[in-house]
Amino acid sequence: MSPAPILIYILCWLAYLLATAWLWMQSIPLALLAVVTLGGYLAVGVGYFRHELYHNYYKPFGKQLYHITSYLVFSDPQVFSIAHPTHHGDVHTLEDLEFFCAEYGTNPRKRRRQFLLELLFGNMMWEGSTIIRLRRAGKWNRTLGRQNLLGRLLFLSLICWLSVTINPGSMVSVLAVFWLTLWWGALVSRHNQFLEHLGIVSDGSFEERNMLTRNLPDDTLWGWLWNLYNHNDPRAHLLHHTKAGINSRALGIPLPEGARETSVPEYLSNLLNHYRKLRADCEEDCSADSVQSA
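In the working numbering, the protein residues as written are 4 to 297.
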């Protein structure tokens with residue numbers, strides 16, 4: 004597919020940051036409203052397009068745009084490039100780096116702590132903890148990491164320069180808008196991923212594990228709004244796992260028979276039950292430690 008829509012989207016993202024920085028100087032409440040509506044939608048979208056570029060759905064310049072979209076949301080492309088293949092190949096197993104932290108199967112306190120941090124800070128927290136994990140495992144290229152950090156800082160500097168050039172005195176406001184929007188977008192994206200995969204662990208075959216993926220239909224107002232805000236990623240998410248080599252979302256392929264569907268209320272229930280299970284596991288682990296100490 005042509006990358007033209009992505010280029011237009013990048014311009015929209017930059018225009019949003021500059022316009023909302025100006026709005027912040029006029030009315031912070033209105034700027035915050037823009038952050039949680041248009042800003043979050045655009046931030047999630049940049050991440051969505053980055054994901055599609057990783058899968059090489061857009062040509063030419065896919066690799067270059069993958070790095071640019073990563074930098075625009077201050078994300079290191081190396082992390083996603085290492086972790087995302089495990090999400091496809093090892094989905095719903097503890098080897099999936101996108102959903103299961105280090106020591107997930109042996110350290111209940113750590114897995115609860117990681118869950119709570121991601122619940123509050125979304126993919127920002129996931130990426131930070133994954134960088135530490137990759138470094139400890141010797142899978143992190145420090146030189147590439149420094150280069151990507153420089154690229155992110157350059158893009159952030161460009162945004163700040165454009166803002167103060169167009170609207171003098173807007174340095175603080177553009178930085179506030181940038182980081183608040185990234186936090187909100189990272190939070191929304193993580194909850195969307197939780198809706199699709201949270202708490203699913205299986206030792207079944209690759210095909211069986213893929214079929215456990217949750218999909219969100221448009222048949223309710225909340226489902227429609229959730230899909231709209233997340234660029235229809237969860238509507239037929241199973242197909243992205245079973246047909247990752249093609250852009251199934253653009254082709255409108257129907258879900259196979261037996262595909263698992265969910266709803267926003269069911270997700271909230273799953274979220275609460277998952278936390279309760281993590282808390283119970285921690286209490287059991289603490290009790291076991293107390294018995295051993297005695």
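Note that beta-carbon positions come from the ideal geometry of N, C-alpha and C, so glycine has one too.
State whether the segment 116 to 135 contacts the segment 239 to 247, with contact taken as three or more CB pairs (one from each stretch) at a distance under 8 Å. The count of Cβ pairs closer than 8 Å, one atom from the segment 116 to 135 and one from the segment 239 to 247, stays below three, leaving the stretches out of contact.
Proximity winner among L271, N235 and E264, relative to L51 (alpha-carbon distances): Locating residue 51 in the sequence shown gives position 48, counting from the first residue. Position check: residue 51 holds Tyr in this sequence, whereas Leu was assumed. Looking at the Cα atoms, N235 is the closest of the given residues.
Nearest to V191 (by Cα), restricted to the options H70, L56, L45 and F158: Along the sequence shown, read from residue 1 onward, the residue named residue 191 stands at position 188. Residue L45 is the option with its Cα nearest to V191.
Would you list the one or two residues that DSSP bridges to E121? Translated into the one-based positions of the sequence shown, residue 121 becomes position 118. DSSP output for E121 lists no bridge partner at all.
Assuming W229 contacts V39 (C-beta within less than 8 Å), just tell me the rounded distance between them. Against the sequence shown, residue 229 aligns to sequence position 226. Against the sequence shown, residue 39 aligns to sequence position 36. The C-beta distance from W229 to V39 rounds to 14 Å, too long to meet the 8 Å contact threshold.
Assign T168 to one of two classes, buried (16 or more other C-beta atoms within 10 Å of its C-beta) or exposed (fewer than that). As a working note, residue 168 is residue 165 in the sequence shown. By the neighbour-count criterion, in which 16 or more other beta carbons inside 10 Å mark a residue as buried, T168 falls on the exposed side.
Quick one: what's N218 bridged to in DSSP? Locating residue 218 in the sequence shown gives position 215, counting from the first residue. According to DSSP, which records beta bridges pairwise, N218 is partnered with E264.
Nearest-angstrom beta carbon gap, F64 and P6 [assumed within contact, 8 Å]: Translated into positions along the sequence shown, residue 6 becomes position 3. Translated into positions along the sequence shown, residue 64 becomes position 61. P6 to F64, Cβ: 6 Å. Contact.
Top-ranked residue by Cα proximity to L56, from T146, K113, H87 and E211: Sequence index remark: in the sequence shown, residue 56 carries index 53 (1-based). Among T146, K113, H87 and E211, the Cα nearest to that of L56 belongs to H87.
Using DSSP with H/G/I as helix, E/B as strand and the rest coil, what is E101? The residue given as residue 101 occupies position 98 in the sequence shown. In the three-state reduction of the DSSP assignment, E101 falls in the coil class, being assigned neither a helical nor a strand state.
Can you confirm whether the segment 82 to 102 touches the segment 28 to 36 when touching is taken to mean that 3 or more C-beta pairs between the two stretches lie within less than 8 Å? With the cut-off at 8 Å, the segment 28 to 36 and the segment 82 to 102 do not touch.
Taking 8 Å as the threshold (C-beta atoms), are R263 and N218 in contact? Start at 1 with the first residue of the sequence shown, and residue 218 comes out as number 215. Start at 1 with the first residue of the sequence shown, and residue 263 comes out as number 260. One thing to note: N218 has its Cβ within 8 Å of the Cβ of R263.
Starting from the C-beta of S208, find all residues in its chain whose C-beta is less than 7 Å away, skip the five residues before and the five after it, and write them out in chain order. For this step, residue 208 is matched to residue 205 along the sequence shown. Excluding residues within five positions, none has a Cβ falling inside 7 Å.
Within-8 Å CB hit, C15 to chain C: In the structure shown, chain C does not exist; there is a single protein chain.
Can you have a look at Q196 and say buried or exposed, based on whether 16 or more other CB atoms are within 10 angstroms of its CB? For the purposes of this step, residue 196 is taken as the residue at position 193 of the sequence shown. Buried is the call here.
Return the residue from the list L137, W27, S272 and C163 that minimises the CA-CA distance to I85. One-based indexing of the sequence shown puts residue 85 at position 82. Distances from the CA of I85 to each of L137, W27, S272 and C163 were compared; the closest alpha carbon is that of L137.
Buried or exposed for P111, please, with buried defined as at least 16 other CB atoms from any protein chain shown within 10 angstroms of its CB. Along the sequence shown, read from residue 1 onward, the residue named residue 111 stands at position 108. So P111 ends up on the buried side.
Answer yes or no: do Y19 and G42 have a C-beta to C-beta separation smaller than 8 Å? Against the sequence shown, residue 19 aligns to sequence position 16. Against the sequence shown, residue 42 aligns to sequence position 39. Yes, Cβ-Cβ distance for Y19 and G42 is below 8 Å.
Could you give the DSSP three-state label for R238: helix, strand or coil? The residue given as residue 238 occupies position 235 in the sequence shown. In the structure shown, R238 sits in coil (DSSP, three-state: anything other than H, G, I, E or B).
Determine the burial state of Q117: buried for a count of at least 16 other Cβ atoms within 10 Å of its Cβ, exposed for fewer. The count along the sequence shown starts at 1 and reaches residue 117 at position 114. Answer is buried; the Cβ neighbour count reaches 16.
As assigned by DSSP and simplified to three states, the class of V39: Taking the sequence shown and counting its residues from 1, the one referred to as residue 39 is at position 36. Under the three-state reduction of DSSP output, V39 falls in the helix class.
So Y27 packs on A179, CB below 8 Å; how close in whole Å? Residue mapping note: residue 27 aligns to position 24 of the sequence shown, counting from 1. Residue mapping note: residue 179 aligns to position 176 of the sequence shown, counting from 1. Reading off the sequence shown, one finds Trp at residue 27, where the question assumed Tyr. Taking 8 Å as the upper bound for CB-CB distance, W27 and A179 are in contact here, some 6 Å apart.
Test item: CB-CB of H240 and T216 under 8 Å: Position 237 of the sequence shown, counted from the start, is the residue given in the question as residue 240. Position 213 of the sequence shown, counted from the start, is the residue given in the question as residue 216. Going by C-beta atoms, H240 is nearer than 8 Å to T216.
Express the C-alpha separation of E260 and R107 in angstroms, rounding to a whole number. As a working note, residue 107 is residue 104 in the sequence shown. As a working note, residue 260 is residue 257 in the sequence shown. A small correction: the amino acid at residue 107 is Tyr; Arg does not occupy that position in the sequence shown. If you draw a straight line from the Cα of Y107 to the Cα of E260, it is about 32 Å long.
Short check: CB of A37 to CB of V177, under 8 Å? Locating residue 37 in the sequence shown gives position 34, counting from the first residue. Locating residue 177 in the sequence shown gives position 174, counting from the first residue. Not a contact, by the Cβ cut-off of 8 Å.
C-beta contact flag for Q81 and N170 at 8 Å: The residue given as residue 81 occupies position 78 in the sequence shown. The residue given as residue 170 occupies position 167 in the sequence shown. Taking C-beta atoms as the reference points, Q81 and N170 fail to come closer than 8 Å.
Which residue wins for smallest C-alpha separation from E210, given the options L185, L242 and F124? Taking the first residue of the sequence shown as position 1, residue 210 is located at position 207. The option with the nearest alpha carbon to E210 is L242.
Enclosing alpha helix (DSSP H) for T184 [first to last residue]: In the sequence shown, residue 184 corresponds to position 181, counting from 1. M174 to H200 is the span of the alpha helix (DSSP H), which, as asked, contains T184.
Boundaries (first-last residue) of the alpha helix (DSSP H) holding I71: On the sequence shown, residue 71 is found 68 positions in, with the first residue counted as 1. For I71, the enclosing alpha helix (DSSP H) begins and ends at G65 to L75.
Measure from the alpha carbon of S251 to the alpha carbon of each residue in I11, W16, V47 and H58, then state which is nearest. Your numbering for residue 251 matches position 248 in the sequence shown. When each option's Cα is compared against that of S251, the closest is H58.
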